[in-house]
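Residue numbers (UniProt numbering): 1 to 941. Even for Gly, the Cβ is constructed at its ideal location relative to N, Cα and C. Below you'll find the structure, written out as structure tokens, and then a few comments.
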């Protein structure tokens, strides 16, 4: 398990491009020679060159894939005050935790290159200036990764190797090297440095990635070490907690002359925002901005287009800010790669941005009456003629208030303030100007929404905590009724009103509610509202305190000193939050939880973070130890852990909670015989019966008598990675305690399923689902038992080139799915699972489906691990996988399925008493019952 600081500024630093290890890889097969002009015209296939996290530096394309000397030093507990008897040993490299955590999720990593180069990547014979753009990725759990990429053109010398038919790349740092490579020609290869964060500090991330580039460009020979140095600093830089009752902590730091100032998110749990809303008001007409906002609130299908990649994400993020307190949870792809253009055919609402020479596309899309197109470059909006907008009287008031705002005061402030020659001071000044502008605009629009929708609390049935839509519709002007119905009947409003009800009921801060109180002129209404809340009703400016972060080495000591020097309760809570997370980072969990449980503010206590990101990775013994601490026993109920069976098994054959690192005996590194192999599986809590274990062993050895350790390690790492990914989406699967539990077998990357939408395909032992992008709403595509046949095909919906796909013929319809680069894998898995349903039906043995589900997970792991050339089975994957396609082959032998008609008529259900046992068990007793109206229960052995 890799460690991480749960509130770090960045999660990963990634490098994407080509280098000496990958060579020059072309998207299409290149049959030409080393002619430079020919090379320049063909798009290249960038690779993931490095992924660096808090404590792991990996180089997937290099021979040495992991730098064992990273991180540069180990953080330890460096506080001098007495912590009693709570001291723990820092977990060593050999302590097994659960589940396995990887540096970056596979679905995110898979899509990264095409977001770095949305319009494909080409080499150049001239050095092109670097440029920055941003994008947002959504993983299979619905969590966003806000990313900023700086693309620069890296100098290489290239030559074609006639023996391998590959284009080699070398970097030259001296004249002597130049003489040796005189037959090579100079090219510039596009390379992207990406910073990925769970927080939307776009402007800060731009400063950070720019500094990394400046350092690399001056000392390019030390590229990896430079990236590791910055990655370590940025992944250990904490982000301040959200504001508390108008108090906020600003955290500042300076690394290598980079000044970083991090504002907190607001107390209403909106994400941080460090862009300038002037980007919208300098680019769009006022009325057009309102049209776009209504498109958001009415859940329209919206496509933003621009020829400038750098504009799309900032513009869309500015609109996301302006619609608050409403939040968009549907499909959101602010930068859509050209290869995914087909996503705009999705039937459900979405917000997407597309960058290309789009004239022909625009003409084609204008025929889609459901689609609103916002042309950022031309400042035009193309929409349905029947488009409804906000009620005019409210729009007039908003425009009037906007015109009364003295936004010129900001420009005046710039002109009258002396020039600041200290770079840090100038940064602070510019930031204050931007924040002041944003605050005025944002406050105006929140008031606008309160004016339009009014006192919503009058229409809440507090006993049932439901919003009375019908009475609300009866209260509005009939001329405006269409507008209100358009907005209030959306999921975005449903989420908003449910959040409002919850916040008021639990006395939590709510942006709309507090603004409504502040603007209320009806004293009776004001009294009624105040009776339900102790919240501060005044919209006063945020009081801030600045904390300077010096170094990861001294972080805990610095936080401790800050605690000693503060008497401000809210400031103390913020520091306890920061220090607690740093204790968790260095595995001092007792101390970390002590800090958490000293936090007085209910709104700051990190309950969700503890539940989702900390407890699942702790051994049960450690959790019990925390529960035995005095601070836990005496704490308020809302702080205590829920006993809700979070770790309950929901996989095909148990959770693998141990890891290979636990084995310390050197003999384990030797080749494994079958008996040794099964013992290791048992230790890893991978529960397989003897027959399945044998088939897996044969698949990995391709029929040999011994399995080499390297292959076993690669397979286990792959399996545990997949198991971790499957466990993350179990919360989205149906929960039925009566029937057999449903568990995930395979998850795709984001894909478009015509007539269903965009999202992740999820295969279980019962159904094929689509988890909708953004909402994670589960849609049933088909039940496995209803599949008639599956065939490989090519599919074209008109907006993208023909793609490899699977056509799934069911009892009700034919469905096309296109899991990128994995069509053959899904075809094999579907066949195995569907074959088991046929066999189970013929033999009346439902356990066959469960056993086939185990095969499917193992097949997927064997195929994935076989892509590693070190693995033994990589030399013949076709032969390897046949050992596990047991039911696919079994079904082909139709004679085995034949059963007499009398037997079929009598036999209702065959029971397998050994379904989860390593060896077969005998039946020692039989219970039968003959109940009126029900068939006799019997068993013949």
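query, result
"Residue 529 classed as buried or exposed, judged by whether at least 16 other C-beta atoms fall within 10 angstroms", "The predicted model places residue 529 with a pLDDT of 45, which falls under 50 and marks its position as unreliable; any figure quoted below should be read in that light. By the 10 Å Cβ count, residue 529 comes out buried."
"Start and end residues, beta strand (DSSP E) containing residue 17", "12-17"
"Within 8 Å, strictly: CB atoms of residue 150 and residue 187", "no"
"Residue 314 - containing alpha helix (DSSP H), residue span", "309-322"
"C-alpha distance - residue 816 paired with residue 762, whole-angstrom precision", "15 Å"
"Residue 315 versus residue 439: straight-line alpha-carbon distance, rounded", "17 Å"
"Alpha-carbon to alpha-carbon, residue 805 and residue 119", "23 Å"
"Assumed close pair residue 372, residue 301 - CB separation to whole angstroms, cut-off 8 Å", "7 Å"
"Assigned secondary structure, residue 816 (DSSP; H/G/I helix, E/B strand, else coil)", "strand"
"Residue burial classification, residue 263 (beta-carbon count within 10 angstroms, cutoff 16)", "buried"
"The region 6-20 / the region 41-52 touching (three or more Cβ pairs under 8 Å)", "yes"
"N- and C-terminal bounds of the beta strand (DSSP E) containing residue 834", "From DSSP, residue 834 is part of no beta strand (DSSP E) but of the alpha helix (DSSP H) over 823-843."
"Nearest-angstrom Cβ-Cβ length linking residue 293 and residue 322, presumed shorter than 8 Å", "6 Å"
"Spatial distance of residue 823 from residue 395 (CA atoms)", "51 Å"
"Cα-Cα separation, residue 432 to residue 257", "20 Å"
"Residue closest to residue 39, alpha-carbon to alpha-carbon, out of 59, 167, 9 and 700", "167"
"Residue 127 versus 190, 184, 69 and 114, residue with shortest Cα-Cα distance", "190"
"Buried/exposed call for residue 317, threshold 16 Cβ in 10 Å", "buried"
"Strand pairing of residue 155, partner residues [DSSP]", "188"
"Contacting residues, own chain, Cβ-Cβ under 8 Å from residue 511 (five flanking each side not counted)", "266, 268, 270, 324, 325 and 446"
"Three-state class that DSSP yields for residue 751 in the structure shown", "strand"
"Counterpart residues of residue 306 in DSSP-defined beta bridges", "355"
"Nearest-angstrom Cα separation, counted from residue 741 out to residue 735", "7 Å"
"Cα-Cα separation between residue 3 and residue 55, rounded to whole angstroms", "6 Å"
"The region 726-733 in contact with the region 702-713 per 3-pair CB rule at 8 Å", "no"
"Beta-carbon gap between residue 795 and residue 789 smaller than 8 Å", "no"
"Cα-Cα separation, residue 381 to residue 305", "10 Å"
"DSSP bridge partner residues for residue 548 (one or two, in chain order)", "252"
"Other residues of its chain near residue 451: CB distance less than 6 Å, five sequence neighbours each side excluded", "394"
"Within 8 Å, strictly: CB atoms of residue 157 and residue 185", "yes"
"Segment limits, beta strand (DSSP E) that includes residue 131", "131-138"
"Stretch-stretch touch, CB-based, cutoff 8 Å, three pairs: the region 237-254 with the region 490-501", "no"
"As assigned by DSSP and simplified to three states, the class of residue 806", "strand"
"Distance, residue 760 Cα to residue 132 Cα", "29 Å"
"Under the three-state DSSP convention, the category residue 591 falls into", "helix"
"Stretch pair the region 128-148 + the region 205-216: three plus CB contacts closer than 8 Å", "yes"
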